[in-house]
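Novice:
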Amino acid sequence: MIGSAGPQPPAIEPRVAGAYVQTYTQTMNDLPNMEQAGALAQIRDLLGPAGWVDDADGMERYLFEERGLFRGSCAAVAKPASTAEVAEVIGICATAGIPVVPQAGNTSLVGGSIPFEGEAALVLSLGRLNTIREVDAANFTMTVEAGCILENVQSAAAEEDRLFPLSLGAEGSCLIGGNISTNAGGVNVLRYGNTRDLVLGLEVVLPDGQIWDGLTGLRKDNTGYDLKQLFIGAEGTLGVITAAVLKLFPRPRRQETAFVAVRDPAAALDLLTALRNATSDSVTSFELMPRIGVDMVLRHVPGCRDPMQQSYDHYILLDLASGHEDDSLRRELERQLADALDRGLVHDAVIAESEGQARALWALREGLPEAQKHEGGSIKHDVSVPVSMVPAFLEKAGRAVEVALPGIRVVAFGHLGDGNIHFNLSQPLEGWEKDAYIDQWEPINRIVHDIVDSLDGSISAEHGIGRLKKAELVRYKSKIELDLMRSLKATLDPKGIMNPGKIL
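Everything in the sequence shown is counted per our numbering, starting at 33 for the first residue and increasing by one.
(1) Could you say which of 192, 266, 339 and 250 lies nearest to residue 391 if we only look at CA atoms?
(2) Rounded to a whole number of angstroms, what is the C-alpha to C-alpha distance between residue 329 and residue 401?
(3) Using 8 angstroms as the Cβ pair cut-off and three pairs as the minimum, do the stretch 376 to 390 and the stretch 462 to 470 touch?
(4) Given residue 501, which residues of its chain have a CB within under 7 angstroms of its CB, disregarding the five upstream and five downstream residues?
(5) Looking at residue 333 and the ligand NAD, is the gap between the Cβ and the nearest heavy atom below 7 angstroms?
(6) Apart from the five residues just before and just after residue 365, which ones in its own chain have a Cβ nearer than 7 angstroms to its Cβ?
(7) In this structure, does DSSP put residue 340 in helix, strand or coil?
(8) Apart from the five residues just before and just after residue 250, which ones in its own chain have a Cβ nearer than 8 angstroms to its Cβ?
(9) Closer than 6 angstroms by C-beta to residue 224: which residues in its own chain qualify, once you throw out the five before and the five after it? Chain order, please.
(10) Taking only the alpha-carbon atoms, compute the straight-line gap between residue 300 and residue 209 and give it to the nearest angstrom.
(11) Could you name the residues that DSSP lists as bridge partners for residue 288?
(12) Restricting to Cα atoms, I'd like to know which of 179, 450, 440 and 464 is closest to residue 423.
(13) Just tell me which of 66, 342 and 86 has its CA closest to the CA of residue 111.
(14) Considering only the alpha carbon of each residue, which of 78, 166 and 316 lies closest to residue 199?
(15) Compute the Euclidean distance between the alpha carbons of residue 440 and residue 407, then round it to the nearest angstrom.
(16) Is it true that the stretch 105 to 122 meets the stretch 470 to 480, where meeting means three or more beta-carbon pairs spaced less than 8 angstroms apart?
(17) So, residue 179 versus residue 161, is the Cβ gap smaller than 8 angstroms?
(18) Return the chain-ordered list of same chain residues with a C-beta closer than 7 angstroms to the C-beta of residue 268, the five sequence neighbours on each side being excluded.
(19) Could you tell me the boundaries of the beta strand (DSSP E) in which residue 452 lies?
(20) Using only the alpha-carbon positions, how far apart do residue 77 and residue 137 sit?
(21) Could you give the residue range of the alpha helix (DSSP H) that holds residue 519?
(22) Which runs of the alpha helix (DSSP H) spanning at least 4 residues fall entirely within the stretch 120 to 207, listed in chain order?
(23) Does the Cβ-Cβ distance between residue 158 and residue 207 come in under 8 angstroms?
(24) Looking only at its chain, what residues have a beta carbon closer than 6 angstroms to the beta carbon of residue 236, apart from the 5 residues adjacent to it on each side?
(25) According to DSSP, is residue 347 part of a helix, a strand, or is it coil?
(26) Verify whether the separation of the beta carbon atoms of residue 537 and residue 240 is less than 8 angstroms.
(27) Can you tell me where the alpha helix (DSSP H) holding residue 305 begins and where it ends?
(28) Where does residue 461 land, buried or exposed, given buried means 16+ other C-beta within 10 angstroms?
(29) Which residues mark the beginning and the end of the alpha helix (DSSP H) in which residue 91 is found?
(30) Helix, strand or coil for residue 266? Go by DSSP, reduced to three states.
(31) Can you tell me the Cα-Cα spacing of residue 538 and residue 445, whole angstroms?
(32) Taking the alpha helix (DSSP H) that residue 481 falls in, what are its first and last residues?
(33) In angstroms, rounded to a whole number, what distance separates the CA positions of residue 503 and residue 412?
(34) Which of the three DSSP states is assigned to residue 42 in this structure?
(35) Buried or exposed: where does residue 220 fall if 16 or more other Cβ atoms within 10 Å of its Cβ makes it buried?
Structure, rendered in structure tokens:
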């Protein structure tokens, strides 16, 4: 029936980092040479005490990432407060040959913002570039600096009765420059697109220290190559994004949230199609959750409760949004869920009656990554396939990993509406120690990624490549694609100082 309702530094994991990291670090200098030491002193004097960190304790939080897969070292951390200072720092590093590792909120899940071990690099932290330069409500744009926290960007847009729709779990700490550099996805891609679709213009400091001012708010500009797209998703390997012009949208006047027990993923796709057709594409989020994931959240995340009295194997958490304040969206949602019940697609559904109830339903989805940490080792995959192929992928990949490693627990969840599944695999409850299980990362990766590739999918839907997936990129990208990427890198960064060893 339809009703209502500060991490500590982790240990290094060399198994995951891989042999390439060890080979790469052997070619780097552990300490800066005399010219580089002089250049670092010049940068320190330029930025002053507020913009410079070189003591071990102060640098610590810039050298590891929360998942514990990578840990690095650096000569110092530079914290410029303006685009001009970024340009001066990069210019000095280019002359002296100092590797530069740009870092935003350090929430990368693939090690893209972590320097390598034994590397005399300069970490370039962008957190002080945190000014919202302009909100142009009439043009539906805002111009922000790279160090703005995503949540603050959302709030600034809301103050002008506008919506910036990028939304993800780390939005209270991730920075917009990092979101752009990694082409972040999140829960609203289905309706608004990923970050690449939300950027109109960029300001970028190039690897030689020049500033490219591409801060345009134009929707139409057919004057040659779309240069901004070179830097979106490049993970800081082609330059440093210092500011951006972002697209804004009308704020929804009505939103409906529902938690739906579906027969299976194929039935969920039928429901998605029906809702998109019936609501003029008002579906903003459509998230798949398995029962095993819901149980993990209920065990480990305080305050969460099961919104249904009976357990089911598959759930969908969905949001609809409309510019109309009346209850027409609610009525249409109820009609479509009732029809889905009659057709056997849906077992039960709960529709939120308030913002508080909607937040409680979303807490089940948002708590899943945290809950999984308490269930032992987890081998994770951020993959995408065509939306129509999601049920086939889940069936094939689930069966394949269970045959390869009996007892493995498949926790597949995520953005069903855009084909992006976080195919996370928790260790068996018995017979495995965490370290031994994590050692199976590469063979399990091969099984999952080969199936993704056979379905014309991607091995990285929204997390990027960074350090974690470089070997996988070589395996699944064509030679011509890799050659084009290397050509771009060599042209824009001939000295190879920008985030070296990442992606390529």
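The beta-carbon is built from N, C-alpha and C at its ideal position, and this holds for glycine as well.
All values derive from a computational prediction rather than experimental measurement.
Specialist: Let's see:
(1) As a position in the sequence shown, residue 391 is number 359, starting the count at 1. When only C-alpha atoms are compared, the closest one is 339.
(2) Translated into positions along the sequence shown, residue 329 becomes position 297. Translated into positions along the sequence shown, residue 401 becomes position 369. Computed Cα separation, rounded: 9 angstroms.
(3) no
(4) Here residue 501 corresponds to residue number 469 of the sequence shown, with the count starting at 1. Around residue 501: 142, 491 and 492.
(5) For the structure depicted, the ligand NAD is absent and the ligand set is empty, with no information on it obtainable.
(6) In the sequence shown, residue 365 corresponds to position 333, counting from 1. For residue 365, where only same-chain residues beyond five positions count, the Cβ hits under 7 angstroms are 288, 290, 352 and 383.
(7) Walking along the sequence shown from the start, residue 340 turns up at place 308. Residue 340: coil per DSSP, three-state reduction.
(8) Taking the sequence shown and counting its residues from 1, the one referred to as residue 250 is at position 218. Cβ within range, chain order: 232 and 233.
(9) In the sequence shown, the residue the question calls residue 224 occupies position 192. So the qualifying residues of the chain are 197.
(10) The residue you call residue 300 lines up with position 268 of the sequence shown. The residue you call residue 209 lines up with position 177 of the sequence shown. Taking the straight line from one Cα to the other gives about 34 angstroms.
(11) Start at 1 with the first residue of the sequence shown, and residue 288 comes out as number 256. Paired residue(s): 352.
(12) Within the sequence shown, residue 423 is the residue found at index 391, counting from 1. Nearest of 179, 450, 440 and 464 to residue 423, Cα basis: 450.
(13) Locating residue 111 in the sequence shown gives position 79, counting from the first residue. Ranking the options by Cα distance to residue 111, first place goes to 86.
(14) The residue labelled residue 199 in the question sits at position 167 within the sequence shown. It is 316.
(15) Translated into positions along the sequence shown, residue 440 becomes position 408. Translated into positions along the sequence shown, residue 407 becomes position 375. Rounded to the nearest angstrom, the two C-alpha atoms are 12 angstroms apart.
(16) no
(17) Position 147 of the sequence shown, counted from the start, is the residue given in the question as residue 179. Position 129 of the sequence shown, counted from the start, is the residue given in the question as residue 161. Yes, Cβ-Cβ distance for residue 179 and residue 161 is below 8 angstroms.
(18) In the sequence shown, counting from the first residue as 1, residue 268 sits at position 236. Excluding residues within five positions, the ones whose Cβ falls inside 7 angstroms are 134, 213, 530 and 531.
(19) For the purposes of this step, residue 452 is identified with residue 420 of the sequence shown, where counting begins at 1. Counting along the chain, the beta strand (DSSP E) containing residue 452 begins and ends at 452 to 458.
(20) Looking up residue 77 in the sequence shown gives position 45. Looking up residue 137 in the sequence shown gives position 105. The straight-line gap from Cα to Cα measures roughly 25 angstroms.
(21) Stepping through the sequence shown from its first residue, residue 519 is reached at position 487. Here the alpha helix (DSSP H) through residue 519 covers 511 to 524.
(22) 182 to 191
(23) As a first step, residue 158 must be located in the sequence shown, where it is residue number 126. As a first step, residue 207 must be located in the sequence shown, where it is residue number 175. Yes, the pair counts as a contact, with Cβ atoms nearer than the cut-off.
(24) For this step, residue 236 is matched to residue 204 along the sequence shown. Excluding residues within five positions, the ones whose Cβ falls inside 6 angstroms are 244, 263, 271 and 273.
(25) The residue labelled residue 347 in the question sits at position 315 within the sequence shown. Reduced to three states, the DSSP call for residue 347 is strand.
(26) Here the chain comprises residues numbered 33 to 536, so residue 537 is not present and cannot be evaluated.
(27) The residue given as residue 305 occupies position 273 in the sequence shown. 297 to 310 is the span of the alpha helix (DSSP H), which, as asked, contains residue 305.
(28) As a first step, residue 461 must be located in the sequence shown, where it is residue number 429. Classification for residue 461: exposed.
(29) For the purposes of this step, residue 91 is identified with residue 59 of the sequence shown, where counting begins at 1. Start and end: 88 to 91.
(30) Here the question's residue 266 lines up with position 234 in the sequence shown. The answer is coil: DSSP assigns residue 266 none of H, G, I, E or B.
(31) Because the chain is modelled from 33 through 536, residue 538 falls outside the range shown and cannot be assessed.
(32) Taking the first residue of the sequence shown as position 1, residue 481 is located at position 449. Segment 473 to 486, the alpha helix (DSSP H) holding residue 481.
(33) As a first step, residue 503 is located in the sequence shown; it is residue number 471 there, counting from the start. As a first step, residue 412 is located in the sequence shown; it is residue number 380 there, counting from the start. If I take the Cα positions, the gap works out to 16 angstroms.
(34) As a working mapping, residue 42 is identified with position 10 in the sequence shown. Its pLDDT being 37, under 50, residue 42 is placed unreliably by the model, and the measurement read from it follows with that caveat. If DSSP states are grouped into helix, strand and coil, residue 42 belongs with coil.
(35) Translated into the one-based positions of the sequence shown, residue 220 becomes position 188. When all chains shown are included, residue 220 counts as buried.
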